[in-house]
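Some notes on the structure that comes next.
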Amino acid sequence: MKPAEILHVDASLVDNAVSLWKAGQLVGIPTETVYGLAADATNGEAVARIYGAKSRPQFNPLIVHVANIQMATRYVEWDERAELLAKDYWPGPLTLVLKRRADSPISDLVSAGGDTIGIRCPQHPVAHQLISAFDGGLAAPSANRSGRVSPTTAQHVRDEFPDLFVIDGGPCRHGIESTVLDLSTNRATILRPGSVTLDMIRYVLRGHAPRAEVYTAGQGDGVLKSPGQLESHYAPSIPVRLNATHAEPTEALLAFGRAPKQGSAAILNLSVKGDLIEAAANLFAMMRALDKPDFTAIAVMPIPNEGVGIAINDRLKRAAA
Ligand code: TXA
Ligand code: MG
0 MKPAEILHVD ASLVDNAVSL WKAGQLVGIP TETVYGLAAD ATNGEAVARI YGAKSRPQFN
60 PLIVHVANIQ MATRYVEWDE RAELLAKDYW PGPLTLVLKR RADSPISDLV SAGGDTIGIR
120 CPQHPVAHQL ISAFDGGLAA PSANRSGRVS PTTAQHVRDE FPDLFVIDGG PCRHGIESTV
180 LDLSTNRATI LRPGSVTLDM IRYVLRGHAP RAEVYTAGQG DGVLKSPGQL ESHYAPSIPV
240 RLNATHAEPT EALLAFGRAP KQGSAAILNL SVKGDLIEAA ANLFAMMRAL DKPDFTAIAV
300 MPIPNEGVGI AINDRLKRAA A
């Protein structure tokens with residue numbers, strides 16, 4: 000007989016998971032689609048640890064998992080289309096991409112520097128138990144290393160991450176990742192197909208003129224908006240100069256580790272102690288802070304190309320291009 004979904008786990012396991020999240024650590028969690036590698040979505044260093052653990056070479060935006068609509072409205076600009084869809088398909092395998100609230104406490108790294116957040120309310124009862132106990136959003140990509148298939152049992156997750164604390168919720172019912180629907184513009188667009196289909200979404204939004212149209216990425220406007228490569232990703236408006244060992248008097252310096260004493264017009268340090276996790280957590284906020292017309296460029300000190308430094312360098316390279 001096929002093993003069934005586990006409906007409830009012991010309070011002591013939930014307490015362990017919550018303590019780990021509060022300490023900025025990662026926990027493997029079941030959802031109805033695939034297992035997630037979850038961290039406190041408001042803690043930039045915890046989110047940076049996700050990219051490090053997955054060995055993701057890029058900062059793709061992450062999905063924030065919430066317990067209900069009310070929790071979602073703390074983080075994103077909720078709207079009528081989201082309300083209609085959530086009424087029919089939450090909890091469930093539908094991720095809605097919405098604009099961040101101006102006062103959103105979610106880490107910039109979750110949005111990969113963009114101004115949107117992908118949010119979903121999982122249906123798995125254990126996921127719900129965990130998010131409710133934590134009482135906050137959990138950022139979680141699929142719990143596989145970059146380039147490997149998504150895990151649908153706790154054992155798959157343990158095979159990928161032997162040292163990770165994993166909550167066993169049984170085998171995942173759906174086994175494919177959630178549908179990702181971009182609602183951040185008037186043109187609702189499916190960025191990733193899943194078990195909530197185009198027709199199902201169109202049906203819910205029918206009559207919701209003038210914002211009733213739904214598209215699939217790559218259709219309609221001929222522009223492929225592939226997740227992780229979104230044009231909404233933050234790009235500085237002044238030049239970025241990489242591998243700088245010093246800055247000109249007119250430049251702003253984005254330092255890493257020990258910074259040169261004199262010279263620059265402004266300086267921010269990604270991590271004085273040279274910690275890549277801390278640097279990743281600070282990256283987007285510091286780039287934004289230094290992106291001012293007062294400076295001729297942002298000079299960035301070299302970042303070691305290892306661990307999460309690979310994703311930092313990828314982002315910097317694209318900012319400099
Ligand atoms: O079913 C799922 O969605 C699973 C479970 C764990 O919830 N999660 C998952 O996460 O598949 P991940 O990181 O492997 O894939 C998330 C997808 C990526 O393609 C990402 O680019 C897209 O969602 N995404 C997330 N936030 C986004 C945003 N703000 N804008 C555009 N795309 C976003
Ligand atoms: Mg994935």
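Going by numbering that gives the first Met the number 0, the sequence shown wraps up at 320, each residue one higher than the last.
Glycine included, C-beta positions come from ideal geometry on N, C-alpha and C.
- If you keep only unbroken alpha helix (DSSP H) runs of at least 4 residues inside the stretch 106-156, you get 124-133.
- V239 is bridged by DSSP to I297.
- Distance from L129 to V13 at the Cβ level is roughly 6 angstroms; contact confirmed, criterion being Cβ atoms closer than 8 angstroms.
- Every beta strand (DSSP E) of 3 residues or more that sits fully in the stretch 160-196 is shown, in chain order, as 178-181 and 187-191.
- The DSSP assignment places complete alpha helix (DSSP H) segments of no fewer than 4 residues inside the stretch 50-79 at 68-71, in order along the chain.
- Per the coordinates, the alpha-carbon of A319 lies some 37 angstroms from the alpha-carbon of L197.
- In terms of side-chain proximity, the C-beta atom of H64 is found nearer than 7 angstroms to a non-hydrogen atom of the ligand TXA.
- At a threshold of 7 angstroms, S141 counts as near the ligand MG, since its beta carbon sits closer than that to one of the ligand's heavy atoms.
- With a beta-carbon spacing of about 14 angstroms, H123 and P2 fall beyond the 8 angstroms limit used to define contacts.
- Residue pairing by DSSP puts R99 in a beta bridge opposite V75.
- Straight across, the Cα-Cα distance linking M300 with G206 is about 53 angstroms.
- Checking the 7 angstroms criterion, the Cβ of E176 is within range of a heavy atom belonging to the ligand MG.
- Distances from the CA of R257 to each of H7, Q24, G273 and T32 were compared; the closest alpha carbon is that of G273.
- Judged by their CB atoms, A265 and F283 are not nearer to each other than the 8 angstroms cut-off.
- Measuring C-alpha to C-alpha distances from H64 to each of L95, L315, S18 and A296 identifies L95 as the nearest.
- Rounded to the nearest angstrom, the Cβ distance from K98 to E76 is 4 angstroms, consistent with a contact under 8 angstroms.
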